[in-house]
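Okay, so here's the structure we're looking at.
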Amino acid sequence: MEQNPYSAPAADLQASPAAPPGKAPDDVLRRIKVGWIVAALQAGITLLSGLLALKNGNTVIGTTSAIEALFIAALAYGVRRKHRVAASVLLAYYVLVRIAFLLAGSLNGAALGVIVILVYLSAARGTFQYHRWLQQERRFPSSQRPRLSDDPLWRTPPRPIAATPGQASQDASIPPTA
4 MEQNPYSAPA
14 ADLQASPAAP
24 PGKAPDDVLR
34 RIKVGWIVAA
44 LQAGITLLSG
54 LLALKNGNTV
64 IGTTSAIEAL
74 FIAALAYGVR
84 RKHRVAASVL
94 LAYYVLVRIA
104 FLLAGSLNGA
114 ALGVIVILVY
124 LSAARGTFQY
134 HRWLQQERRF
144 PSSQRPRLSD
154 DPLWRTPPRP
164 IAATPGQASQ
174 DASIPPTA
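Under my numbering, read the sequence shown as residues 4 to 181, first letter to last.
Structural data, given as structure tokens:
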């Protein structure tokens with residue numbers, strides 16, 4: 004069987020790695036989701052440690068922990084809303100906190116700290132990738148997305164066909180005069 008060298012190759016439409024139209028890629032959304040969940044857990048643990056410090060009579064550590072928990076929770080909400088600035092500030096804040104712990108000589112939780120830094124880095128990358136995808140989607144909308152012109156309410160009715168003078172007299176209920 005001969006193939007025409009000028010014919011286009013067959014396209015495999017079933018194996019499409021692209022996301023469905025109007026929906027961000029799943030790996031980007033997963034990165035953002037994991038990032039804000041880890042930040043919310045960190046805020047909750049920080050709040051619990053602050054409440055325990057308040058219960059034991061240490062008001063300075065308790066209030067600073069409560070303020071820090073509120074700050075982290077606000078950043079987690081920002082990451083959940085896919086804000087690039089919130090994700091970047093969360094990453095920078097946690098890196099600075101880990102550096103402060105290392106300078107103080109505390110290696111407690113260093114391995115977990117590296118994992119959390121990697122999760123926050125992934126969430127920050129996810130927010131930037133999401134906004135790049137959103138910009139691309141706005142610039143070049145998916146062809147499968149419904150358009151306003153596809154709505155039957157916005158379609159114009161077809162124009163009537165202009166009748167010839169002889170045809171108009173045949174269609175009229177009044178007999179033609181000769």
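Even for Gly, the Cβ is constructed at its ideal location relative to N, Cα and C.
Spatial distance of residue 138 from residue 71 (CA atoms): 33 Å
If I measure Cβ to Cβ from residue 27 and keep anything under 8 Å in the same chain, skipping five residues before and after, which residues do I get? 133, 136 and 137
CA-CA distance, residue 130 and residue 141? 16 Å
May I ask which residues mark the beginning and end of the alpha helix (DSSP H) holding residue 52? 29-58
Who are the Cβ neighbours of residue 39 in its own chain at under 6 Å, not counting the five residues just before and after it? 79, 82 and 83
Kindly indicate which three-state DSSP category residue 110 falls into: helix, strand or coil? coil
Inspect the beta-carbon positions of residue 43 and residue 94 and report whether they are closer than 8 Å. no
Quick check on the DSSP output: the alpha helix (DSSP H) that includes residue 62 runs from which residue to which? 62-83
Nearest-angstrom Cα distance between residue 75 and residue 45? 8 Å
Enumerate in chain order the residues of its own chain whose CB-to-CB distance from residue 124 is below 8 Å, with the five nearest sequence positions on each side excluded. 94
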